[in-house]
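Counting from 1, position 36 in the sequence shown corresponds to residue 553 in the working numbering; the numbering is continuous, with no gaps.
The beta-carbon is built from N, C-alpha and C at its ideal position, and this holds for glycine as well.
This one's a predicted model, so the numbers in the text were calculated from it and none came from an experiment.
Since the structure comes first, as structure tokens, the remarks are kept for the end.
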Amino acid sequence: EVSMVKKLLKSLPVLIFISFVFHILMFNSASLLSRSSFKPPIAKPVEIVILPKTDGSEKKVRQIVEQSDKAINDLVPEKDYHLSKNNQKVVKETKAKKVGAFTNEVQPGQQQQAPSQKVTKKTTQNSKKSKAKSLVNGIPSLADLSPQFQADRKYGQFQKNIPGKESQNSNHLKDVETGLQTLLNTREFKYYSYYQRIRSKIRQIWEPLIRQKVKKVFEQGRTIASARDRVTKVVIILNKGGHLIRVQVVGESGVHDLDEAAVEAFRAAEPFPNPPKGIVEQDGTIKIRWDFILEA
């Protein structure tokens, strides 16, 4: 049996990246639930619904990303930006090579030069309007911590890398080039702090839980194919006090254990108190779309 586990582990890459991506459904979350024709039995611990077909008119999804607490400037990018704590404009976007708890460790000569600080009247006006536009220009999404685990071929366990002095990236940024640190074009997102609190609570539950689930897969003689990303899509519904009403799986990853972990993480992490009034819908609920991504 031990030799079987060893054999299965050889089929996995040494490094597996686990990312959590949040999608805030600001305009179609209610219809997603009401238009679904599939109603699972009440006794089932996980609800699975079928997403309604869309006409493709939805605007571009924007990630809510972690950045340094202090931005390198207060310029507002016009196009191709993420949402974050602060406004920031850079010449070229980069992400730190190492994956882990977010940190930008800048050494002498490593800081990327910011665009010219020449702030025009138009730029100032854009900065003032950025909060209002952050929800209008697209469906905000939240790319959460991507802890890096190293597969131990002997025991089939995952060990979390210990943060060091090297910069680390916690965002799911497939199309951004690797650099010495993470520098992104961002616009200030009004509700960033609330989703950051949710992220912190989920992080504490998810990390040990996913290790248990993966270990279980190995022990049962199964494996997780690494040819493609595994994505579990869920919608969580909170009341206006931040207590969990329901969590639904709206897109399966193909590995039941991963889908199960996503649901269990939310149930264990709630409540998420003091939600801002601006995200409470007319029916008194808060609907958040959240993707758990196991990167290939």
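In this structure, does DSSP put residue i in helix, strand or coil?
i	result
F783	helix
F735	helix
Q776	According to the sequence as given, residue 776 is Asp; it is not Gln. In this structure, D776 counts as helix in the three-state DSSP scheme.
G795	helix
L726	helix
Q580	strand
I679	The pLDDT assigned to I679 is 46, lower than 50, so where the model puts this residue is not dependable; a value taken from the coordinates is nonetheless given after this. Coil, per DSSP.
Q721	helix
I762	strand
Y708	coil
I715	helix
D800	coil
Leaving aside the five residues before and after residue i along the sequence, list all residues of the same chain whose C-beta is less than 6 Å from its C-beta, in chain order.
i	result
T611	E694, G696, L700
F789	I715, G759
K614	T695
I719	A782, A786
D591	N604
G768	K750
S770	R747, V748, T749, D776
W723	A782
L690	K612
S585	N621
Near residue i, what residues of its chain come up, given a Cβ to Cβ distance below 8 Å and the 5 sequence neighbours on each side ignored?
i	result
I762	I754, L755, N756, T802
K730	D774, L775, E777, A778
K734	Inspection of the sequence shows that residue 734 is occupied by Val rather than by Lys. Closer than 8 Å at Cβ, skipping near neighbours: T740, I741, V772, D774.
Y711	F789, N791, P792, P793, I796
Hey, quick one: how far does the beta strand (DSSP E) through residue i stretch, first residue to last?
i	result
S601	599–601
R704	703–705
E610	Where E610 is concerned, there is no enclosing beta strand (DSSP E), given that its DSSP letter is neither H nor E.
Any idea which residues DSSP pairs residue i with across the strands?
i	result
L592	Answer is none; L592 lacks a bridge partner.
G768	K750
V616	N686
G696	A613
Q605	T703
Short of 7 Å in beta carbon distance, which residues of its chain neighbour residue i, apart from the five on each side in sequence? Order them along the chain.
i	result
A588	N603, N604, Q605
V772	I741, R747
Q685	A613, K615, V616, G617, A618, F619, T620
E683	K615, E622
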